[in-house]
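Enquirer: I have a structure I would like to understand better, so I am pasting it below and will then ask my questions one at a time.
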Amino acid sequence: MKGSLLNVLDSEISVKTEEESILIKFSNIEKGKLDLEDQLEKKNE
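Residues in the sequence shown are numbered from 0 upward in steps of one, following numbering that gives the first Met the number 0.
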């Protein structure tokens, strides 16, 4: 999975992948990472 980081704000991060942009909101960075992994796994199923 390739992606490029578009934007990092205090409470959200946006990542551009080959198909689309994903916006991740997080209260802390570890949760954000887990949410991203979750979203990517769901897409790849």
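Built from N, CA and C at the ideal position, the CB exists for glycine as well.
Just to confirm my understanding: we take Gln55, look at its own chain, exclude 5 residues before and 5 after, and list those with CB closer than 7 Å. What are they?
Expert: There is no way to answer for residue 55, as the model of the chain reaches only from 0 to 44.
Enquirer: Between the C-alpha atoms of Lys42 and Glu11, what's the straight-line distance to the nearest angstrom?
Expert: Answer to the nearest angstrom: the Cα atoms are 20 Å apart.
Enquirer: Report the three-state DSSP secondary structure of Glu17 (helix, strand or coil).
Expert: Coil.
Enquirer: Going by alpha carbons, who is nearest to Val7 out of Glu17, Lys32, Glu44?
Expert: The residue with the shortest Cα to Cα distance from Val7 is Lys32.
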